[in-house]
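First up is the structure itself, then whatever we jot down about it.
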Amino acid sequence: MIEASTTQIWIIIVGMAIGTFLIRFSFLGLVGDRPLPAWLLRLLRYTPVAVLPAVVAPMLLGTKADTDPLRLFCAAATILVGIWTKNVLWAIITGLGLFFGLGAVIG
Amino acid sequence: MSLSPAAQQFLKGAKDGLPFHIVIWPFAAIFGAIATQAGLNVVEVMGFSILVIAGSAQLAALQLMTENAPTLIVLATALAVNLRMGMYSAAITPHLGKSSLLTRAFAAYMLYDQPYALSTIKFEKEPNLSLSEKLGYFFGAAIPIAIAWYALTLGGALLGEKIPTDIGVDFAVPVTFLALVAPMLKTPAHLASALTSGVLVLVLGFMPYGSGLLIAAAAALVVGAQVEIWMEKRKAAT
Numbered sequence: 372m373i374e375a376s377t378t379q380i381w382i383i384i385v386g387m388a389i390g391t392f393l394i395r396f397s398f399l400g401l402v403g404d405r406p407l408p409a410w411l412l413r414l415l416r417y418t419p420v421a422v423l424p425a426v427v428a429p430m431l432l433g434t435k436a437d438t439d440p441l442r443l444f445c446a447a448a449t450i451l452v453g454i455w456t457k458n459v460l461w462a463i464i465t466g467l468g469l470f471f472g473l474g475a476v477i478g
Numbered sequence: 136m137s138l139s140p141a142a143q144q145f146l147k148g149a150k151d152g153l154p155f156h157i158v159i160w161p162f163a164a165i166f167g168a169i170a171t172q173a174g175l176n177v178v179e180v181m182g183f184s185i186l187v188i189a190g191s192a193q194l195a196a197l198q199l200m201t202e203n204a205p206t207l208i209v210l211a212t213a214l215a216v217n218l219r220m221g222m223y224s225a226a227i228t229p230h231l232g233k234s235s236l237l238t239r240a241f242a243a244y245m246l247y248d249q250p251y252a253l254s255t256i257k258f259e260k261e262p263n264l265s266l267s268e269k270l271g272y273f274f275g276a277a278i279p280i281a282i283a284w285y286a287l288t289l290g291g292a293l294l295g296e297k298i299p300t301d302i303g304v305d306f307a308v309p310v311t312f313l314a315l316v317a318p319m320l321k322t323p324a325h326l327a328s329a330l331t332s333g334v335l336v337l338v339l340g341f342m343p344y345g346s347g348l349l350i351a352a353a354a355a356l357v358v359g360a361q362v363e364i365w366m367e368k369r370k371a372a373t
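From first to last, the protein sequence lines are chains G and W.
Just so we're aligned: the first sequence equals residues 372 to 478 in our numbering.
Just so we're aligned: the second sequence equals residues 136 to 373 in our numbering.
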């Protein structure tokens, strides 16, 4: 159970709201329509592939992760189907379908 | 019936966002349920989902709050989880930077994982979209998912204990991100960048408060851009 006071809870909620907004607004707000240099634009084109694997890898393989062969197998299947079909929906259906399907079978 | 080009893009964004509803609905409901079970009231739970809209940071904060971590640690950790969104802001700026300050502020509020990823992928494929078309697509991807996020959080908070929270729905998050990334692994540069990111973050796992993530991501950006330059040079040489 959470023992924090109502004030503490709202400090956390409002603090997270303002902080998260400022992070998201940073470049969009400050740079606006000023042109960015070509080298920076080249870097930024890689943000999805550079950021998301770093978010995912610790969830699957990190020291605090709930690493089990079923999850790793389903994660690998998600990647392969995603590369093969180039379709986000099929990749999600494959990953979660296998996870819950096999999970139910294996128990 | 003829729709403006921006409205057409809004519908395309909403359509491309549909797969994520499979993940967002249970995720939001479970956040609402476990937050209520941990002792938050409905207003507080909705405060999180409406003011913050960042699922993984909300869950991280909730986890720390149930462990009675100090308020400052909760805030610092949750914001560290969201630091990656600074890169989202940078990545979307070349596309949406020309819009009005108010529009940019609203876009920033909704700049969470799915609209960011869908939009940057779309705008890379179709660089000739006008500003209003890009805004249409972005908000089409963002608004329906945000509404689902609010609504299902509320549902989860009201149903509370009736929702089973221990069915492995946390696995939906990595699956979503992998499903987003996999179709993008179409060049050696993208592949090298993704591998650098995933491997380096594990090597840097000892670093506090998710700071390893930022270093891994920054290195992966450089690797991607550098491999792209090499490939162009090789092509030019042959």
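Ideal Cβ placement from N, Cα and C applies to all residues, glycine included.
Just checking my contact of residue i with residue j at CB under 8 Å: how many whole Å lie between their CB atoms?
{"i": "residue 307 of chain W", "j": "residue 161 of chain W", "result": "7 Å"}
{"i": "residue 201 of chain W", "j": "residue 379 of chain G", "result": "In fact, because the Cβ distance is near 13 Å, the residues do not count as touching under 8 Å."}
{"i": "residue 434 of chain G", "j": "residue 340 of chain W", "result": "6 Å"}
{"i": "residue 186 of chain W", "j": "residue 375 of chain G", "result": "Contact doesn't hold; Cβ gap of about 17 Å is too wide."}
{"i": "residue 400 of chain G", "j": "residue 214 of chain W", "result": "Actually they do not touch by this definition, with Cβ atoms about 17 Å apart."}
{"i": "residue 313 of chain W", "j": "residue 449 of chain G", "result": "5 Å"}
{"i": "residue 320 of chain W", "j": "residue 454 of chain G", "result": "6 Å"}
Would you call the CB atoms of residue i and residue j closer than 8 Å?
{"i": "residue 175 of chain W", "j": "residue 373 of chain G", "result": "yes"}
{"i": "residue 362 of chain W", "j": "residue 317 of chain W", "result": "no"}
{"i": "residue 416 of chain G", "j": "residue 259 of chain W", "result": "yes"}
{"i": "residue 332 of chain W", "j": "residue 360 of chain W", "result": "no"}
{"i": "residue 443 of chain G", "j": "residue 470 of chain G", "result": "no"}
{"i": "residue 154 of chain W", "j": "residue 459 of chain G", "result": "yes"}
{"i": "residue 295 of chain W", "j": "residue 171 of chain W", "result": "yes"}
{"i": "residue 325 of chain W", "j": "residue 420 of chain G", "result": "yes"}
{"i": "residue 474 of chain G", "j": "residue 303 of chain W", "result": "yes"}
{"i": "residue 418 of chain G", "j": "residue 356 of chain W", "result": "yes"}
Within its chain, find whatever has a CB closer than 6 Å to the CB of residue i; leave out the 5 residues flanking it on each side and keep chain order.
{"i": "residue 348 of chain W", "result": "336"}
{"i": "residue 315 of chain W", "result": "252"}
{"i": "residue 268 of chain W", "result": "140, 141, 144"}
{"i": "residue 149 of chain W", "result": "275, 279"}
{"i": "residue 177 of chain W", "result": "292"}
{"i": "residue 358 of chain W", "result": "327, 328, 331"}
{"i": "residue 226 of chain W", "result": "255"}
Apart from the five residues on each side of it in sequence, which residues of its chain come closer than 8 Å, Cβ to Cβ, to residue i?
{"i": "residue 468 of chain G", "result": "none"}
{"i": "residue 209 of chain W", "result": "196, 199, 200"}
Could you give the first and the last residue of the continuous alpha helix (DSSP H) run that contains residue i?
{"i": "residue 217 of chain W", "result": "206-217"}
{"i": "residue 374 of chain W", "result": "Given that chain W is displayed from residue 136 to residue 373, the structure contains no residue 374 of chain W and the question cannot be resolved."}
{"i": "residue 407 of chain G", "result": "Element bounds for residue 407 of chain G: n/a, residue is neither H nor E."}
Which residues in the same chain as residue i place their Cβ atom closer than 7 Å to its Cβ, once the five residues preceding and following it in sequence are excluded?
{"i": "residue 233 of chain W", "result": "266"}
{"i": "residue 284 of chain W", "result": "159, 163, 184, 188"}
Can at least three beta-carbon pairs, one atom from the region 336-346 of chain W and one from the region 423-435 of chain G, be found at a separation below 8 Å? Using a C-beta cut-off of 8 Å, the region 336-346 of chain W makes contact with the region 423-435 of chain G, since at least three inter-stretch Cβ pairs fall below that distance.
contact_flag[the region 366-373 of chain W, the region 239-246 of chain W] where n(CB pairs < 8 Å) is 3 or more: Verdict: no, contact absent.
Check whether the region 212-222 of chain W and the region 387-406 of chain G touch, using three or more Cβ-Cβ pairs below 8 Å as the test. yes
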